[in-house]
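Take any residue in the sequence shown, note its place counting from 1, add 5, and you have its number in our numbering. Where a beta carbon is used, it is the ideal one built from N, C-alpha and C, also for glycine. All of these numbers come straight from a predicted model, not from anything done at the bench.
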Amino acid sequence: MKSNLNRISIVLILCIFINVFSSTKMTVEEFKNQIASIKSNPYKTFECEIEIEDGGKVIGTTKLYQKDKQSRIEIKGNKTVGIEDMVIVQDTSGTYTKTGKEKWVKGTAMQGMSYKQTDAKTMAEGFIEKNGFEVLDYSNNVATIKYNEEMMGGVTGVKVGINMKNGDMIFQEMNMNEGSSKVIFQYGEMNGKRYMKEMKISTQTKYGNKEMVIRYKNVKIDKGINNKLFKVE
Numbered sequence: 006m007k008s009n010l011n012r013i014s015i016v017l018i019l020c021i022f023i024n025v026f027s028s029t030k031m032t033v034e035e036f037k038n039q040i041a042s043i044k045s046n047p048y049k050t051f052e053c054e055i056e057i058e059d060g061g062k063v064i065g066t067t068k069l070y071q072k073d074k075q076s077r078i079e080i081k082g083n084k085t086v087g088i089e090d091m092v093i094v095q096d097t098s099g100t101y102t103k104t105g106k107e108k109w110v111k112g113t114a115m116q117g118m119s120y121k122q123t124d125a126k127t128m129a130e131g132f133i134e135k136n137g138f139e140v141l142d143y144s145n146n147v148a149t150i151k152y153n154e155e156m157m158g159g160v161t162g163v164k165v166g167i168n169m170k171n172g173d174m175i176f177q178e179m180n181m182n183e184g185s186s187k188v189i190f191q192y193g194e195m196n197g198k199r200y201m202k203e204m205k206i207s208t209q210t211k212y213g214n215k216e217m218v219i220r221y222k223n224v225k226i227d228k229g230i231n232n233k234l235f236k237v238e
């Protein structure tokens, strides 16, 4: 009797493992076609507060305004960690940065920085254009993709998990010269539109391990934003 129970247990465990870890191959063309079939749901305007937590303590807050191809990022200073008040405005003509009461500066080292939100379909389509793009695995409606990204110190391989039902990023992994990092994404929904609600970031380097959380709070979608916010005086 005991022997039979052991056999049944082994069979059940194998069934569970087969169900959980079964995967199939997906070609790049199949990935493109499936992403293309997802309904696009872009924002007209997006507004939120961003809270940055490091080691369980909030070290910074930021306000984000995004409309069409314009964005405004307001970073609240924190003298304890050496962060000054800063405003960054981005549009098609470039990036403008203002620290404290100083004048606007175009083309600073902050260029390219963005907390811009975009709909999942558009983001997923952007991955296809990355160098070295390939689909590593497809399992339980999740495709694991890989591409190369130019970063400080050279080219870095990036892995991303994509929910193929709605295009949401589930995780992102990077292996760099100095260590590795993993980001877990969580989403919210408002007015029928999904948005990134939280990012949990874990990094492991020779200098130590770090856990950070970025939260998007007081979110407003398609509520309208005054164009004056994007003017650079």
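Buried or exposed by the 16-neighbour rule on C-beta atoms within 10 Å, applied to residue i
i    : result
S186 : buried
E52  : buried
K126 : buried
Q95  : buried
S42  : exposed
T239 : Residue 239 cannot be examined here, being either before or after the span of the chain that is shown, 6 to 238.
T149 : buried
Distance between residue j and residue i (C-alpha atoms, nearest Å)
i    : j    : result
G137 : M169 : 20 Å
D59  : D142 : 32 Å
E183 : I133 : 27 Å
N83  : T32  : 47 Å
E178 : I167 : 12 Å
F190 : K205 : 7 Å
N214 : S144 : 30 Å
N46  : W109 : 34 Å
Best match in the options for proximity to residue i [C-alpha to C-alpha]
i    : options               : result
K72  : Q209, F132, G229, I40 : G229
M181 : E155, D173, G193      : E155
Y48  : T123, A129, E35       : T123
Three-state class that DSSP yields for residue i in the structure shown
i   : result
G82 : coil
I89 : The amino acid at residue 89 is misidentified as Ile; the sequence shows Glu. Reduced to three states, the DSSP call for E89 is coil.
Residue i vs residue j beta-carbon contact at 8 Å
i    : j    : result
I88  : I78  : no
L234 : Y101 : no
I55  : V63  : no
D227 : N196 : yes
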